[in-house]
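Okay, so the sequence shown: first residue is 3 according to the working numbering, each after it adds one. Don't be surprised by glycine CBs; every beta carbon is placed ideally from N, CA and C. All values reported here derive from a predicted model rather than from experimental measurement.
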Amino acid sequence: MKISALDIRQKTFEKAFRGLDADEVNAFLLTLSQQWERMGDENRDLRNKLDYATQEVQKMREIESSLYRTLKTAEDTGNNITEQAQRNAEIRLREAQLQAEELLSQARQKARTLVEDAYKQAERSVTEMQVEVSRLNQEHQRLEGVLDSMVRDLQHLATDALDKVEKARNRPKGSTAAILSRAASVKVNKPEPSPEATPAMHIDTTATSSVAAVGGALVATQFGSAAVTTARPIGPQPGAYNPKPGQQPDPGAPAQIPGPEISPDPTPNENPGQVPPSRIEEPAPSRIIEPDAPNVEPVRPDIQPIGPSHPEIVPPAPAPQPGTGSPGPGFKADPVVAEKSFFDEI
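Structure, rendered in structure tokens:
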């Protein structure tokens with residue numbers, strides 16, 4: 003039976019003989035009701051606190067379970083991450099090892115290829131050098147053959163020259179005077195100068211040059227020296243009378259007849275009358291003759307341009323003047339050709 007503080011206050015007792023004091027009983031009941039009410043309040047407070055504590059405990063338990071689950075999840079996640087990292091590390095390490103092995107294999111293959119190429123290049127170089135040495139040896143042998151043939155040719159030429167010198171030395175000297183007399187009898191035909199035009203005098207330089215050459219050779223043979231014979235050039239001389247074009251020659255001046263020019267030997271010969279033997283020079287190394295560039299003559303046009311030397315209208319040749327038999331002023335006489343000498347045939 004549940005008793006409240008109000009029940010305790012309203013409780014009544016029946017009166018009896020020799021009963022208790024009513025005031026004391028009421029006072030006691032009042033005190034008891036107060037105490038009971040206070041205890042009920044405390045009980046409610048405690049119950050409220052217990053409920054609150056129970057709720058807090060429940061919350062804490064939920065938090066604890068949540069934290070536990072979180073920790074468990076974190077632990078599992080950490081374990082998974084660690085395992086994944088380990089697997090990734092193992093995979094990366096394996097890939098690095100495979101890549102290193104592949105690079106090493108490629109490097110070895112490349113080094114092997116380079117070594118093989120170097121050996122092949124060395125073999126090719128050695129083969130080319132051997133071929134070049136063989137070619138140079140053949141060229142050397144060919145040049146030696148050419149040198150030998152040139153030496154033989156020079157020996158033959160020297161022998162022929164010595165034979166010719168010996169024949170010239172043994173030739174009778176009586177023919178020298180006849181040759182000189184024949185050379186002195188060579189004359190130059192000079193045409194009559196015309197009052198209208200003065201033709202140029204033509205001298206056969208071939209005959210005079212041959213006379214000078216033969217005379218010089220004979221003088222060198224007689225004196226036994228290596229005198230140099232040069233033909234005097236036929237042309238304007240510094241001290242001679244040189245007529246200009248269109249000017250009459252000086253009739254009082256003597257005709258200039260070219261003759262052999264003899265230069266004496268500065269060193270006297272110890273044995274006059276004997277020709278010294280010709281010295282055979284050492285053959286020089288053969289030189290490869292390079293082909294010259296082709297000489298292409300320029301093509302001349304059929305129609306020459308108009309100028310002083312090629313007039314547009316060519317004047318006719320002048321007719322001879324009547325009564326005189328001489329040509330006109332524009333006539334040019336043909337050059338006089340000297341008589342052919344027997345020296346031209348030598």
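CA-to-CA distance, N28 to Q60, given in whole angstroms: 47 angstroms
Determine whether the beta carbon atoms of A76 and G42 lie at a separation below 8 angstroms. no
Let me know the secondary structure DSSP gives K17 once reduced to three states. coil
To the nearest angstrom, report how far apart Q57 and T84 are at their CA atoms. 39 angstroms
Can you name, in chain order, every residue of its own chain whose Cβ lies under 6 angstroms from the Cβ of K246, other than the five neighbours on each side? Reliability fails at K246, whose pLDDT of 49 lies under 50, so the model's placement of it is uncertain and the value that follows must be treated cautiously. Within the same chain, K246 has no close Cβ partners at all.
Go to Q12, then tell me how far its alpha helix (DSSP H) extends in each direction, as first and last residue. From DSSP, Q12 is part of no alpha helix (DSSP H); its letter is neither H nor E.
First through last residue of the alpha helix (DSSP H) which encompasses D47: A24 to N172
Check S183 in the structure and name its three-state DSSP category. helix
Quick one: Cα of R137 to Cα of E103, how far? 50 angstroms
Tell me which residues share the same chain as L69 and place their Cβ nearer than 8 angstroms to its Cβ, disregarding the 5 neighbours each side in the sequence. none
Status (buried if at least 16 other CB within 10 Å, exposed otherwise) for S35: buried
Around the C-beta of A185, are 16 or more other C-beta atoms found within 10 angstroms, so that it is buried, or is it exposed? buried
Between R94 and L105, what straight-line distance do the alpha-carbon atoms span, to the nearest angstrom? 16 angstroms
Any idea if E125 is buried or exposed, counting beta-carbon neighbours within 10 angstroms, 16 or more meaning buried? exposed
Thinking K13 and L31 are a contact (beta carbons under 8 angstroms), I'd like their distance in whole angstroms, please. 6 angstroms
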